[in-house]
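S.K.:
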Ligand SMILES: Cc1cc2nc3c(=O)[nH]c(=O)nc-3n(C[C@H](O)[C@H](O)[C@H](O)COP(=O)(O)O)c2cc1C
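Numbering (my numbering), first residue to last: 7 to 235.
What follows is the structure, given as structure tokens:
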């Protein structure tokens with residue numbers, strides 16, 4: 007028979023559903039969250055607001071409660087310049103991967119706010135945290151990376167609630183970023199983020215507004231029981 011392990015802290019307390027106003031606020035934040043590249047203001051982020059954003063990240067779910075994340079804060083202009091150089095090199099390679107017409111469109115897009123945003127945050131995943139065998143990670147070792155992505159999404163939403171824009175920059179040769187950040191072997195970079203207060207925001211994805219790609223119909227993505235099609 008199943009014997010519940012003894013609790014070392016108080017057990018569950020009654021769960022309440024949130025009110026309609028509270029639910030609406032959550033959904034408003036989800037809908038109003040944007041990837042920000044260019045609308046950053048130079049103002050420093052209020053330390054308490056930044057703390058709340060990081061607390062939100064740290065409250066994310068993680069496989070086996072591994073909490074594999076670290077947050078490397080970059081404010082120094084020189085350090086951010088190195089990161090920007092790494093972006094520029096990779097972005098040139100990226101442009102070459104598109105066929106001629108699309109390449110011109112690609113080059114017209116601004117895909118980062120590394121120097122414009124006053125704060126950059128590299129979110130890393132320590133693949134050894136929690137020891138050799140981690141609950142839930144026994145059959146898919148990438149679950150620690152997925153956990154770290156959950157932390158990033160929490161940051162994105164918490165930042166939006168504070169009026170702070172956040173942009174994810176992924177166009178780097180990983181080895182370039184590793185060297186700049188001096189990451190040890192067992193630590194993986196999951197996200198490189200640009201944060202700052204924003205003057206304005208797009209109402210929907212900027213890539214859609216610029217005609218790069220449109221949002222898919224939700225109903226076309228829902229399947230039942232097995233892959234359909
Ligand atoms: C894993 C990940 C990586 C991304 N990398 C970049 C990037 O390198 N440059 C960029 O401009 N946007 C990047 N984005 C932002 C997406 O382009 C953006 O989320 C998408 O276009 C939808 O727009 P929205 O976030 O404003 O709703 C990334 C988003 C994710 C989730």
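By construction, the Cβ of each residue, glycine as well, lies at the ideal position given by its N, Cα and C atoms. The structure displayed is predicted, hence computed values, not measured ones.
Compute the Euclidean distance between the alpha carbons of residue 146 and residue 130, then round it to the nearest angstrom.
M.R.: Distance between the alpha carbons of residue 146 and residue 130: 18 Å.
S.K.: Within its chain, find whatever has a CB closer than 8 Å to the CB of residue 204; leave out the 5 residues flanking it on each side and keep chain order.
M.R.: So the list reads 42, 45, 46, 47, 169, 170, 171, once near-sequence residues are dropped.
S.K.: If you check the beta carbons only, do residue 150 and residue 68 fall under 9 Å apart?
M.R.: Cβ atoms of residue 150 and residue 68: closer than 9 Å.
S.K.: How big is the Cα-Cα spacing for residue 216 and residue 13?
M.R.: So the alpha carbons of these two residues sit roughly 53 Å apart.
S.K.: Could you check whether the segment 78-92 touches the segment 155-163, counting it as contact only if at least three pairs of C-beta atoms, one from each stretch, sit closer than 8 Å?
M.R.: No: fewer than three Cβ pairs fall under 8 Å.
S.K.: Can you determine whether any heavy atom of ligand 1 sits closer than 8 Å to the C-beta of residue 177, and answer yes or no?
M.R.: Correct: residue 177 has its Cβ closer than 8 Å to ligand 1.
S.K.: Taking only runs that begin and end inside the segment 154-234, name each unbroken beta strand (DSSP E) of 3 or more residues, in chain order.
M.R.: Whole beta strand (DSSP E) segments, 3+ residues: 170-175, 193-203.
S.K.: Looking at the strands, I want to know which residues DSSP matches up with residue 79.
M.R.: Residue 79 pairs with 127.
S.K.: Taking three-plus beta-carbon pairs below 8 Å as touching, is the segment 130-142 in contact with the segment 47-64?
M.R.: Segments in contact, no.
S.K.: Which same chain residues end up closer than 6 Å to residue 40 when comparing Cβ atoms and leaving out the 5 residues on each side of it in sequence?
M.R.: Closer than 6 Å at Cβ, skipping near neighbours: 207, 208.
S.K.: Evaluate residue 93 with the Cβ neighbour count: other Cβ atoms within 10 Å of its Cβ, from every protein chain shown; 16 or more gives buried, anything less gives exposed.
M.R.: Residue 93 should be labelled buried.
S.K.: List the residues that DSSP assigns as beta-bridge partners of residue 46.
M.R.: Answer is 204.
S.K.: Report buried or exposed for residue 162, applying the criterion of at least 16 other Cβ atoms within 10 angstroms of its Cβ.
M.R.: So residue 162 ends up on the buried side.
S.K.: Tell me, please, whether the segment 118-125 touches the segment 182-191 by the rule of three or more beta-carbon pairs shorter than 8 Å.
M.R.: No, the segment 118-125 is not in contact with the segment 182-191.
S.K.: Is it the case that the Cβ atoms of residue 128 and residue 199 are separated by a distance below 9 Å?
M.R.: Result yes, Cβ atoms of residue 128 and residue 199 sit closer than 9 Å.
S.K.: Cutting at 8 Å between CB atoms, please list the residues of its own chain near residue 196, excluding the five before and the five after it.
M.R.: Result list for residue 196: 75, 129, 130, 131, 151, 154, 155, 158, in chain order.
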